[in-house]
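The structure appears right after this line, and notes come after that.
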Amino acid sequence: MRRYYERVVEGLVFASGMASIIFVILIFVFLLKEGLMLFREFSVIKFLLGKHWYPISEPPQFGTLPLILGSLWVTLGATAISVPLGIACAIFIGEIASGWLREVLKAGVELLAAIPSIVLGFIGLVTLVPLVKNMFGLSTGLTAFSGSVMLAFMAMPTIVSIMEDALNLVPKTYREGSIAMGATKWQTIRRIILPSAASGIIAAVMLGFGRVIGETMAVMMITGNAAVIPKSIFQPVRTMTATIAAEMGETVQGSDHYFALFAVAILLFVITFAVNFLADWFLHRKKAR
Amino acid sequence: MVEGKIEIRGLNFYYGTFQALQDVTLRIREREITAIIGPSGCGKSTLLRCLNRMNDLIKGARIEGSVKIDGEDIYGSSVDLIRLRKKVGMVFQRPNPFPISIFDNIAYGPAIHHLASKQALPDIVERSLRAVGLWDELKDRLSGSALMLSGEQQQRLCIARLIAVEPEILLMDEPCSALDPVATAKIEKLMLELKCRYTIVIVTHNMQQAARVSDWAAYLYLGKLIEFGETKMLFTTPKKRETEDYITGRFG
Ligand SMILES: Nc1ncnc2c1ncn2[C@@H]1O[C@H](COP(=O)(O)OP(=O)(O)OP(=O)(O)O)[C@@H](O)[C@H]1O
Ligand SMILES: [Mg+2]
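Protein sequence lines correspond, in order, to chains A and B.
Throughout the first sequence, residue numbering follows numbering that gives the first Met the number 0, covering 0 to 288 in sequence.
Throughout the second sequence, residue numbering follows numbering that gives the first Met the number 0, covering 0 to 251 in sequence.
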């Protein structure tokens with residue numbers, strides 16, 4: 000009886016473990032099956048490098064370059080804002096603040112992570128968008144830049160918490176050794192602690208990047224949704240995710256447009272997967288040595 | 000009466016309400032090795048860390064009495080902690096080289112204290128590594144990670160990185176406890192070589208080690224200095240019964 004029970008538990012645990020992998024594989028297979036259909040008639044080169052996304056003109060054009068660039072602009076902008084802020088914040092929480100201040104800050108960062116993205120998007124729409132418009136004298140505040148600022152806020156919790164863990168993992172003996180040599184706190188942080196935590200910091204940045212590039216709703220609300228190749232970060236753009244979300248409802252199942260959206264999804268999947276994979280590699284590189 | 004390099008007078012030390020050192024008065028002489036011995040938890044590390052003010056980092060710690068180095072009270076209000084710690088280097092129980100290259104480990108001190116230009120660094124690195132007898136072993140792999148070295152090499156490197164900033168005093172807290180007997184013997188030999196230039200204070204659990212390397216020995220028990228004297232005397236004709244019990248292993 001007991002043996003039987005153990006077997007069942009073992010089987011269940013195994014099944015749930017496998018399930019997650021199987022789901023990922025199934026999703027990917029499904030994406031491939033639908034997405035690759037596009038390329039029966041439309042060339043891959045044109046899909047990746049085409050400058051125009053006109054899915055309902057005749058003949059339709061499925062050039063994803065504007066979408067890729069849109070995602071890239073917004074994501075890079077967000078990374079450029081959130082990484083320095085995130086590093087500074089993590090250093091402050093992990094190395095400088097103490098006692099109640101530290102606890103309050105940590106709770107604050109966690110709270111930021113708990114805000115649904117649609118709420119942040121909405122707040123961004125009514126506060127950030129007019130602000131950007133007036134500050135830079137633009138005809139519209141719905142720009143890649145607004146999206147970047149918004150996403151930077153969303154990526155912060157990920158970046159800060161992973162980075163803080165990385166700082167925490169730096170052995171106390173390094174700090175002691177450095178302080179005992181007469182180094183200041185700041186010299187110790189900059190020259191010993193940050194380099195020791197480098198792989199964790201890079202992983203944090205990449206995971207933040209992954210979080211940002213997959214974000215949809217908030218981006219759709221405030222980036223202006225114009226599928227044109229952006230000349231500057233102060234122009235409206237449209238990301239890959241926003242394209243899928245906005246157009247999926249209007250396509251006919253089995254049409255080229257429908258397949259094209261799946262092809263965009265494959266692209267997105269590949270990019271996020273690559274970023275996560277890199278992050279993982281950086282995180283585990285240290286341990287392997 | 001000749002002043003010591005370090006003069007500790009009436010030192011009381013508290014971790015919050017717990018008193019870890021009681022009225023310790025001790026003279027540490029220049030260019031000699033002073034050993035601090037005593038059972039675990041008696042306050043050896045605490046005493047050592049009072050000498051470079053590493054206890055400052057501990058919350059709720061409090062100190063009374065005075066510690067003078069070269070006649071200057073290191074707990075005085077005008078003391079520059081950075082200069083103090085440059086002058087008084089510390090070697091830890093577990094070798095703790097930084098996770099950067101061998102070269103950078105030694106260049107770290109001169110860099111933070113602005114002692115040398117970039118061009119002068121290779122010289123300093125060579126001189127420091129020679130001083131600890133590591134130069135010939137390591138000269139071809141200076142850019143390699145310091146973490147790849149053996150425990151003994153790491154501990155030597157930690158001493159070398161102190162030497163690079165030209166300290167006057169070296170504090171060593173059980174520097175050999177993570178090393179095997181052969182490595183220990185080598186570090187002891189190094190300490191005897193360094194004695195002619197530096198004042199060394201070593202904490203050790205190893206009675207033979209104290210007898211082998213030190214000129215002076217202090218026996219500490221429950222935060223009190225029980226006996227202090229020349230090592231030869233302390234180990235052959237201890238004045239106090241407790242000291243005798245401890246060094247002959249009848250302790251406890
Ligand atoms: N940060 C601290 N906070 C509170 N009490 C402490 C702290 N560090 C040490 N103590 C206490 O002070 C006493 C002396 O500790 P210390 O580390 O100086 O002993 P030690 O002689 O170096 O011991 P060991 O031989 O084990 O290294 C011990 O009772 C210890 O529990
Ligand atoms: Mg100790």
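The C-beta atom is built at its ideal place from N, Cα and C for all residues, glycine as well.
In the three-state reduction of the DSSP assignment, Gly228 (chain B) falls in the strand class. For Ser70 (chain A), the Cβ stays outside the 7 Å cut-off from all heavy atoms of ligand 1. If you draw a straight line from the Cα of Gly136 (chain A) to the Cα of Glu102 (chain A), it comes to about 40 Å. Taking a beta-carbon distance threshold of 8 Å, Arg39 (chain A) does not count as an interface residue toward chain B.
For the region 52-125 of chain A, the continuous alpha helix (DSSP H) assignments of 4+ residues that do not extend past its boundaries occur at 64-90, 98-113 and 116-122, in sequence order. Following the DSSP letters along the chain, one finds Thr250 (chain A) in no alpha helix (DSSP H), marked with neither H nor E. Remark: C-beta atoms of Gly69 (chain A) and Thr139 (chain A) do not approach each other more closely than 8 Å.
With its beta carbon less than 8 Å from one in chain A, Asn95 (chain B) belongs to the interface. Of all alpha-carbon atoms in B:Lys239, B:Gly9 and B:Cys41, the one lying nearest the alpha-carbon of Arg26 (chain B) is that of B:Gly9. In summary, no residue of the region 196-222 of chain A has a CB separated from any CB of chain B by less than 9 Å. Taking the Cβ atoms as the reference, Thr126 (chain A) lies roughly 19 Å from Ile232 (chain A), outside the contact range of under 8 Å.
Residue pairing by DSSP leaves Ser39 (chain B) without any beta bridge partner. In the DSSP assignment, Leu219 (chain B) falls within the unbroken beta strand (DSSP E) covering Trp215 to Tyr220. Across the structure, Leu191 (chain B) and Leu282 (chain A) are spaced so that their CA atoms are roughly 44 Å apart. Listed by position along chain B, the residues whose Cβ is nearer than 7 Å to that of Ala182 (chain A) are Ile111. Beyond the five residues adjoining it in sequence on each side, Lys43 (chain B) comes within less than 7 Å, by CB distance, of Ile35, Gly37, Val202 and Leu219 in the same chain, given in chain order. For Arg237 (chain A), there are no neighbours in chain B by C-beta distance under 8 Å, as the nearest C-beta there is about 44 Å away.
At least one heavy atom of ligand 1 is found less than 7 Å from the C-beta of Lys43 (chain B).
In this structure, Glu214 (chain A) keeps its C-beta atom at 8 Å or more from the C-beta atom of Leu130 (chain A). If you check each beta-carbon in the region 50-79 of chain B against every beta-carbon of chain A, the ones closer than 8 Å belong to Asn51, Met53 and Leu56.
The three-state secondary structure of Arg61 (chain B), taken from DSSP, is strand. Here the alpha carbon of Ile158 (chain B) sits roughly 29 Å from the alpha carbon of Ile95 (chain A). In the structure shown, Arg8 (chain B) falls within a strand segment according to DSSP collapsed to helix, strand and coil. A distance below 8 Å separates the beta carbons of Pro54 (chain A) and His256 (chain A). The residues Leu10, Asn11, Phe12, Gly42, Thr45, Leu46 and Gly222, in chain order, have a CB closer than 7 Å to that of Leu20 (chain B) in the same chain once the five nearest residues on each side in sequence are set aside.
Ala79 (chain A) and Ile92 (chain A) have their C-alpha atoms roughly 20 Å apart. Each residue's CA atom was taken as its position, placing Ser100 (chain B) and Ser149 (chain B) some 14 Å apart. Of the residues B:Arg61, B:Thr242, B:Ala110 and B:Gln118, the one whose Cα lies closest to the Cα of Thr183 (chain A) is B:Ala110. Counting only runs of 4 or more residues that sit fully inside the region 188-230 of chain A, the alpha helix (DSSP H) segments are 197-212 and 216-221, in chain order.
Counting only runs of at least 3 residues, the region 119-194 of chain B fully encloses the following beta strand (DSSP E) elements, listed from N- to C-terminal order: 168-172. Burial state of Gly107 (chain A) is exposed, judged by a 10 Å Cβ sphere holding fewer than 16 other Cβ atoms.
Cβ-Cβ distances below 6 Å link Val218 (chain A) to Gly146, Thr238 and Ala241 in the same chain, with the five nearest sequence neighbours on each side left out; the list follows chain order. The beta-carbon of Tyr4 (chain A) is placed no less than 8 Å from the nearest beta-carbon of chain B.
Under the 10 Å beta carbon count, Thr247 (chain B) is surrounded by fewer than 16 other beta carbons and is classified as exposed.
Rounded to the nearest angstrom, the Cβ distance from Leu50 (chain B) to Val87 (chain B) is 6 Å, consistent with a contact under 8 Å. Pro166 (chain B) sits away from Lys238 (chain B), with the two beta carbons spaced by 8 Å or more.
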